[in-house]
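In this note's numbering, the protein residues as written are 219 to 749. Cβ atoms here follow ideal geometry from the backbone N, Cα and C, with glycine treated the same way. Only a predicted model underlies this, so the values are computations on that prediction, with no experimental measurement involved. Contents: one structure, followed by commentary.
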Amino acid sequence: MSLLGSQPTQKLRLILGDQLNAEHSWYKDKSPNTLYLIAELYQETNYTRHHIQKVSAFFAAMAAFANALEQVGHSVLHLTLDETAQYQDLPTLLNELIDRHQIEEFEYQLPDEYRLRQQLSLFSRSIDISVKTYESEHFYLSDAELVDYFKVGKKHRLEPFYRKLRARFNLLMEQGSPLGGKWNFDADNRQKIKVTDFYDVPTPLLFANDVSTILQRLERHNVATIGVVQADLLWPITRHQANKLLEHFCRYCLVRFGQFQDAMTAKLDLKLGALSEDRQWTLYHSRLSFALNAKLLSPKHVIDTAITAYQAAKGEITLAQIEGFLRQILGWREFVRGVYWANMPEYAELNRLSATRALPTWFWSGDTKMNCLHHAIKQSLEYSYAHHIQRLMVTGNFCFISGVAPDQVDDWYLGVYIDAIEWVEMPNTRGMSQFADGGIVGSKAYAASGNYINKMSDYCTNCHYQVKQSHTNKACPLNALYWRFMAQHFDDFSTNPRTKMVYANWLKKPIEDRELILSHAENLLCHIEEL
219 MSLLGSQPTQ KLRLILGDQL NAEHSWYKDK SPNTLYLIAE LYQETNYTRH HIQKVSAFFA
279 AMAAFANALE QVGHSVLHLT LDETAQYQDL PTLLNELIDR HQIEEFEYQL PDEYRLRQQL
339 SLFSRSIDIS VKTYESEHFY LSDAELVDYF KVGKKHRLEP FYRKLRARFN LLMEQGSPLG
399 GKWNFDADNR QKIKVTDFYD VPTPLLFAND VSTILQRLER HNVATIGVVQ ADLLWPITRH
459 QANKLLEHFC RYCLVRFGQF QDAMTAKLDL KLGALSEDRQ WTLYHSRLSF ALNAKLLSPK
519 HVIDTAITAY QAAKGEITLA QIEGFLRQIL GWREFVRGVY WANMPEYAEL NRLSATRALP
579 TWFWSGDTKM NCLHHAIKQS LEYSYAHHIQ RLMVTGNFCF ISGVAPDQVD DWYLGVYIDA
639 IEWVEMPNTR GMSQFADGGI VGSKAYAASG NYINKMSDYC TNCHYQVKQS HTNKACPLNA
699 LYWRFMAQHF DDFSTNPRTK MVYANWLKKP IEDRELILSH AENLLCHIEE L
């Protein structure tokens, strides 16, 4: 339907790019008097500099969703940048459509980002027609329920929240107790992947969605992006494709998901050569986060499908594997959403440790001699994806112990990852990764030396730096930066039971060694662009 048309329509319903939920109650009934709007908007491409695969995936998924709605009889207005470029922002476009189509009622689902929720709230108060809002009907917890679980400024913890939801929704439970007698199998899920494990890593399921016209459109409208993309996009853009990816995960990856969910490798593709089929970046991860965050799939559907696969496997998939997966979706995903909405907009300004350093420019290229950072960043730029430990303990850890400003860390993560929407990104980065919220999300600061990277990956063996050294020219920069960070923030962390041992070890070092380490750390920070 053309934007220039002016056929009267009673009701206008807005569908945002991350509201592609075909199961929403909106779609149960069809009416010729209801017009659904799905629009590519310049305001959504430039609030940060996004990865080109991220923009392409959202635009392609929006187009596919618009087509699916039309196929089942709904009236849909799908607008591309070609048609919306003249409009300054979403409210300007909505005002034009309301006027042209003589709209009497405007309805929208509550956005999951604060900026959009505020924008639509202000817009709704500025118009003199009926406005109605709806829940997105996606999460386990409704918007209205979040206040029962989360309070502003309170230090919340994942484990008790996760247990409450497990019990409430009766997931992996048996007569009111956790299946297997334990709530958490995290201790079983921290294994390093070895060369002998490489041949078992499954070939990833990739798609080939033609986004060439979208790429041309982005170029035509001078949309600035980062990263690389092929004309055939590998990510799922429809519910059918997302279900195929879920099925693939349950069949081939769930069996070792928990075991290797924290593992990292830079050697798998080299070792297997032509046989690798580019398995290194995916390992056993589901890569469902984009489909979930765009709402192509619901968390309930994903969890129910995975639990069914676990039960059907009759012991081949252990409880530790499925519990680790459940904890990520039922636990962590719902948890960070609650933290976000309880604390916004103030949360976006928190900087508890007063970090101010600029993000190194090599975060936009991966051109660093630190092998762990090189691989994690290069992978992020190539695929718009890295798994949670690469994000938390490689890129995030470096930013944290180097004192990079959380605004810049937020901006990089929000732009580079295909699944990054502010509600899920910000509590993960500003909260868990950077501790800028002072412990609202996490009970400890996730700072680490090179020893952690060496324990969980094979990055260190071919690195320019030496992971066992701390203050020589060839020493792993993470070591000195870690100790400098911990020394600098003695007052912040020395009384924390989880870091007391760290400080005991630091004070055991001869004062001469401590001075050498701190001096080397300062030199590294002065030459951070050369690392």
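| query | result |
| --- | --- |
| Reference valine 419; option with closest CA among Arg408, Lys369, Phe475 | Phe475 |
| Methionine 588 (DSSP reduced to helix, strand or coil) | coil |
| Neighbour-count burial assignment, methionine 391, 16 or more Cβ in a 10 Å radius | exposed |
| Endpoints, the alpha helix (DSSP H) within which alanine 257 is located | Where alanine 257 is concerned, there is no enclosing alpha helix (DSSP H), although the beta strand (DSSP E) it sits in stretches over 252 to 257. |
| In chain order, each beta strand (DSSP E) run of at least 3 residues that lies wholly inside the segment 332 to 409 | 348 to 352 |
| Continuous beta strand (DSSP E) stretch holding leucine 295: start and end | 293 to 297 |
| For aspartate 450: DSSP bridge partner residues | Asp428 |
| Of the listed residues Val627, Glu600, Leu599, nearest to leucine 577 (C-alpha basis) | Val627 |
| Own chain partners of leucine 364 with C-beta closer than 6 Å, once the 5 adjacent residues on each side are dropped | Gly556, Trp559 |
| Through-space distance from lysine 532 to leucine 515, alpha-carbon basis | 26 Å |
| Bridge partner(s) assigned by DSSP for tyrosine 601 | Its beta-bridge partners do not exist; DSSP assigns none. |
| Runs of alpha helix (DSSP H) lying entirely within the segment 662 to 695, each at least 4 residues, in chain order | 668 to 674 |
| Buried or exposed (CB count within 10 angstroms, at least 16 for buried), tyrosine 417 | exposed |
| Backbone secondary structure at glutamine 229 - three-state DSSP | The displayed chain sequence assigns lysine, not glutamine, to residue 229. It is a strand residue. |
| Start and end residues, alpha helix (DSSP H) containing glutamine 626 | 624 to 634 |
| Straight-line Cα distance separating methionine 650 from glutamate 740 | 25 Å |
| Beta bridge counterpart(s) of glutamine 327 as assigned by DSSP | Tyr352 |
| Continuous alpha helix (DSSP H) stretch holding isoleucine 735: start and end | 729 to 744 |
| 8 Å CB neighbourhood of glutamate 747 in its chain, flanking five on each side removed | Pro578, Thr579, Trp580 |
| As assigned by DSSP and simplified to three states, the class of histidine 269 | strand |
| CA nearest to the CA of glycine 614, picked from Trp630, Tyr601, Asn569 | Trp630 |
| Of the residues Met562, Thr586, Ala509, the one placed nearest alanine 638, counting alpha carbons only | Ala509 |
| Beta-carbon separation (whole angstroms), tyrosine 245 vs histidine 292, contact threshold 8 Å | 7 Å |
| For threonine 483, three-class secondary structure by DSSP | coil |
| Beta-carbon proximity check, methionine 644 vs lysine 410, cutoff 8 Å | no |
| Paired residues, beta bridge with arginine 575 - DSSP | Val622 |
| Identity of the residue in Tyr332, Cys681, Leu699 nearest arginine 732 by Cα | Leu699 |
| Euclidean distance between Cα positions of aspartate 752 and alanine 663 | Outside the shown range of the chain, which is 219 to 749, sits residue 752, and nothing can be said about it. |
| Selection from Arg648, Arg505, Glu534, His605 that minimises the alpha carbon distance to serine 572 | Arg648 |
| Strand pairing of isoleucine 444, partner residues [DSSP] | His269 |
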